[in-house]
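Undergrad: Take a look at the following structure, please.
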Amino acid sequence: MSYSDKVVDHYENPRNVGSFQKDEKNVGTGLVGAPACGDVMKLQIKVSAEGIIEDAKFKTFGCGSAIASSSLVTEWIKGKTLDEAAEIKNSQIACELALPPVKIHCSVLAEDAIKAAIADYRKNQNQ
Amino acid sequence: MNSGKRPIYLDYQATTPCDPRVVEKMLPWFTEKFGNPHSRNHLFGWEAEEGVELGRERVARLIGADPKEVIFTSGATESNNLAIKGVAQFYKDKRDHIVTVTTEHKCVLDTCRHLEQEGFRITYLPVKTNGLVDLAELDAAITDKTVVVSVMGVNNEIGVIQPLAEIGALCRKKGAFFHTDCAQAVGKIPLDVNAMNIDLMSISGHKIYGPKGIGALYVRRRPRIRLIPMINGGGQERGMRSGTLPVPLCVGLGEACAIAAKEMGAEAERLRGLRDRLLTGLQSKLSEVYLNGDLESRIPGNLNLSFAFVEGEGLMMGVKDLAVSSGSACTSASLEPSYVLRALGVEVEMAHTSLRLGLGRFTTEAEIDYAIDHIVAAVNHLRDLSPLWEMHQQGVDIKSIQWAEH
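As given, the protein sequences belong to chains P and Y, one line each in that order. Take 1 as the starting number for the first sequence in the working numbering and just add one per residue. Take 1001 as the starting number for the second sequence in the working numbering and just add one per residue.
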């Protein structure tokens, strides 16, 4: 199977790789997928007092499409409000990266990762 | 990087290039000596028949058989189908049970599934964690209703060699026929149908530096094994496989067998050196690299390795200068990794992280050294990206996490 140029670019030059301290109050961590399924994504957001995502980091275990999907969303969510970020749909990710049908689940996982990170951030705020 | 060039071929269990010596021997049989080997009336037919029979003799010699016991087919898939369906259907009034193994090639397993629908009973034997059949379990599985036991010589994914002589002796003692899919074994390890009590053996051309589109089936004559043909027609190949023989391919398969017979020992020695260099190189530069399948009872041209915390398909993308194959089948809708690795008891997580590296006749030491560096760089890159590697480094047990399976 051949990958799109954008997938290859994100795979070879992944954006925003890394981790924030999990227990910082303004950090939200989403960990989705499962090793047994061959995909695990960790997406972290750092949120400003105004509710803007000012930084994002990811780490992904998975195929090239999974790595590219998560790398791409870290770029997309930076500068967005939480509500705006939560509106990102897997179909937009799949379209941007030209993912074939068998790789759609990678974009679904990336969408789930954003939602999970936001939910984790909100949970931290309410504690 | 190796950019612009073709990748280094390390997928010799998928197929092998045709040896130039084989191609050279085949060429006259396309143009000059093009006759139909079944034409009895003129020189063209006679010489074509001679070519076919020389090929047959060389195939037979490599496995210690009589040429009359070798029939040509289109490849090992057809041979496996013909052997298993053919004997099962011929003897079905007396025996209706077949024994095979869970790590067999898909074409054996699928043939068995097909026969199951026709009313045959199939026992799928598990393997030990090293990939080998447990002889006591095999012994217990064979009954007086067992018509055939089908166990492959060498596994296509993990390269392990099954104890063919022991299995053959067991089958002979119990009165069941012994079929072995030797697509990956012929020309790689010494085989002798008589010493090993093999009744039916499937052979492939393109796994042994011969042409694609041809294979053979060894069918024992003493005691005689009967089978019902799948292809009916002019009664060629002693009625077991009708159709005009592809003379250039028969000649090519014969030449490939003759070369293998002559060079097998030295080639195995050379490949063992390269294989050890590759394995040692990777394991000395990377931690958490695990070999799947037995190392001792294994052909020298195969390594199947799990690179923990790195997903196999992602890794294949990273080693794009190498043509290799992955045990992860993430492209399939099922997301199921290799059933062979699963049968060994390799956990799903680890099965997703595996690569199959196949070495062969044209692999060089420089290629192996390049492959080591390239794989090490890709694994390190992906581990830097891997949340599982990060957890492992922090001492988190990945099994302790509640994963949401998707």
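Yeah, the Cβ is synthetic: ideal placement off N, Cα and C, and Gly gets one too. Because the structure is a prediction, the values reported are computed rather than measured.
Taking beta-carbon pairs under 7 Å, can you tell me which members of the segment 4 to 23 of chain P lie near chain Y?
TA: Flagged, chain order: 11, 14, 17 and 19.
Undergrad: Please work out which residues of its chain come closer than 7 Å, Cβ to Cβ, to residue 1131 of chain Y, disregarding the five sequence neighbours upstream and downstream, and give them in chain order.
TA: So the qualifying residues of the chain are 1103, 1155, 1158, 1160, 1293, 1294 and 1344.
Undergrad: Along chain Y, in chain order, which residues have C-beta atoms closer than 7 Å to that of residue 42 of chain P?
TA: By Cβ distance, chain Y contributes 1387.
Undergrad: Should residue 63 of chain P be flagged as near chain Y, meaning a C-beta pair shorter than 7 Å?
TA: Interface residue, yes.
Undergrad: Kindly list the residues whose CB is nearer than 8 Å to the CB of residue 1285 of chain Y, restricted to its own chain and excluding five residues on each side of it in sequence; keep chain order.
TA: So the qualifying residues of the chain are 1372 and 1376.
Undergrad: Give me the DSSP bridge partner(s) of residue 1011 of chain Y.
TA: Looking at the DSSP assignment, residue 1011 of chain Y forms a beta bridge with Y:1358.
Undergrad: Residues of the segment 26 to 53 of chain P with a CB closer than 9 Å to any CB of chain Y: list them in chain order, please.
TA: From the segment 26 to 53 of chain P, only 31, 32, 33, 34, 35, 36, 37, 38, 39, 40, 41 and 42 have a Cβ closer than 9 Å to chain Y.
Undergrad: Using a Cβ cut-off of 9 Å, pull out every chain P residue sitting near residue 1377 of chain Y, in sequence order please.
TA: Those within 9 Å of residue 1377 of chain Y in chain P number zero; the least Cβ separation is about 12 Å.
Undergrad: For a cutoff of 7 Å on Cβ pairs, would you count residue 116 of chain P as touching chain Y?
TA: False, the Cβ-Cβ gap to chain Y never drops below 7 Å.
Undergrad: Mind reading off the beta-carbon distance from residue 66 of chain P to residue 77 of chain P? Whole number of angstroms is fine, and I expect it under 8 Å.
TA: Incorrect: roughly 17 Å between the Cβ atoms, too far for contact.
Undergrad: Going by beta carbon distance, what residues of the same chain come within less than 7 Å of residue 1079 of chain Y, once the five residues before and after it are set aside?
TA: Result list for residue 1079 of chain Y: 1073, 1202, 1203, 1215, 1216 and 1217, in chain order.
Undergrad: Counting only Cβ pairs nearer than 8 Å, list the residues of chain P close to residue 1404 of chain Y.
TA: Result: 32, 33 and 34.
Undergrad: Let me know the secondary structure DSSP gives residue 20 of chain P once reduced to three states.
TA: Residue 20 of chain P: coil per DSSP, three-state reduction.
Undergrad: Comparing the C-beta of residue 1038 of chain Y with each C-beta of chain P, is any distance below 7 Å?
TA: Residue 1038 of chain Y does not count as touching chain P.
Undergrad: Just to confirm before moving on: does the CB-CB distance between residue 42 of chain P and residue 1387 of chain Y stay below 7 Å?
TA: Cβ distance < 7 Å, so residue 42 of chain P and residue 1387 of chain Y count as in contact.
Undergrad: Is the separation between the beta-carbon of residue 1248 of chain Y and that of residue 1268 of chain Y shorter than 7 Å?
TA: Against a cut-off of 7 Å, the Cβ pair of residue 1268 of chain Y and residue 1248 of chain Y comes out as no contact.
Undergrad: So does the segment 1144 to 1153 of chain Y actually touch the segment 1182 to 1189 of chain Y, counting three or more Cβ pairs closer than 8 Å?
TA: At 8 Å Cβ cutoff, the stretches touch.
Undergrad: How about residue 60 of chain P: is its C-beta nearer than 7 Å to some C-beta of chain Y?
TA: Answer yes: the Cβ-Cβ gap between residue 60 of chain P and chain Y drops below 7 Å somewhere.
Undergrad: Give a yes or no on whether the C-beta atoms belonging to residue 74 of chain P and residue 58 of chain P are separated by under 7 Å.
TA: For residue 74 of chain P and residue 58 of chain P, yes; Cβs fall inside 7 Å.
Undergrad: With a CB to CB cut of under 8 Å and the five nearest residues on each side skipped, what residues in its chain are close to residue 1052 of chain Y?
TA: So the qualifying residues of the chain are 1037, 1072, 1245, 1247, 1250 and 1251.
Undergrad: For a quick check, are the C-beta atoms of residue 1289 of chain Y and residue 1069 of chain Y less than 7 Å apart?
TA: Not closer than 7 Å, so no.
Undergrad: Going by alpha carbons, who is nearest to residue 44 of chain P out of P:38, P:50, P:63 and P:29?
TA: It is P:29 whose Cα lies nearest to the Cα of residue 44 of chain P.
Undergrad: Report the rounded CA-to-CA distance for residue 1168 of chain Y versus residue 1283 of chain Y, giving the unit in angstroms.
TA: Cα to Cα, residue 1168 of chain Y sits roughly 37 Å from residue 1283 of chain Y.
Undergrad: For residue 1241 of chain Y, does the count of other Cβ atoms within 10 angstroms reach 16, so buried, or fall short, so exposed?
TA: With 16 or more other Cβ atoms within 10 Å, it is buried.
Undergrad: When the cut-off is 7 Å and only beta carbons count, does residue 1391 of chain Y lie next to chain P?
TA: No, no contact with chain P.
Undergrad: Sorted by chain position, which residues of the same chain lie with C-beta nearer than 7 Å to residue 11 of chain P's C-beta, five sequence neighbours on each side aside?
TA: For residue 11 of chain P, where only same-chain residues beyond five positions count, the Cβ hits under 7 Å are 64, 67 and 68.
Undergrad: Applying a beta-carbon distance threshold of less than 8 Å, which residues of chain P neighbour residue 1398 of chain Y?
TA: By Cβ distance, chain P contributes 35.
Undergrad: Classify residue 1184 of chain Y as helix, strand or coil using the three-state DSSP reduction.
TA: DSSP places residue 1184 of chain Y in coil when its eight states are reduced to three.
Undergrad: At least one CB of chain Y closer than 7 Å to the CB of residue 123 of chain P: is that the case?
TA: So, not an interface residue.
Undergrad: Please report the distance separating the alpha-carbon of residue 1111 of chain Y from that of residue 31 of chain P.
TA: So the alpha carbons of these two residues sit roughly 42 Å apart.
Undergrad: State the start and end residues of the unbroken alpha helix (DSSP H) segment that holds residue 1089 of chain Y.
TA: Residues 1076 to 1090.
Undergrad: Anything in the segment 67 to 94 of chain P with a Cβ closer than 8 Å to a Cβ of chain Y? List those residues in chain order, please.
TA: Those residues of the segment 67 to 94 of chain P that come within reach of chain Y (Cβ to Cβ, closer than 8 Å) are 67.
Undergrad: Any heavy atom of the ligand MN inside 6 Å of the beta-carbon of residue 1251 of chain Y?
TA: In terms of ligand content, the structure shown is empty, and the ligand MN therefore cannot be addressed.
Undergrad: Let me know if residue 1030 of chain Y comes out buried or exposed under the rule of 16 or more other beta-carbons within 10 Å of its beta-carbon.
TA: That one is exposed.
Undergrad: Could you please give me the residues that DSSP links to residue 1207 of chain Y through a beta bridge?
TA: Its beta-bridge partners do not exist; DSSP assigns none.
Undergrad: Round the Cβ separation of residue 1260 of chain Y and residue 1135 of chain Y to the nearest angstrom and send it over; I've been treating them as touching at under 8 Å.
TA: Contact flag wrong, Cβ pair sits at about 28 Å.
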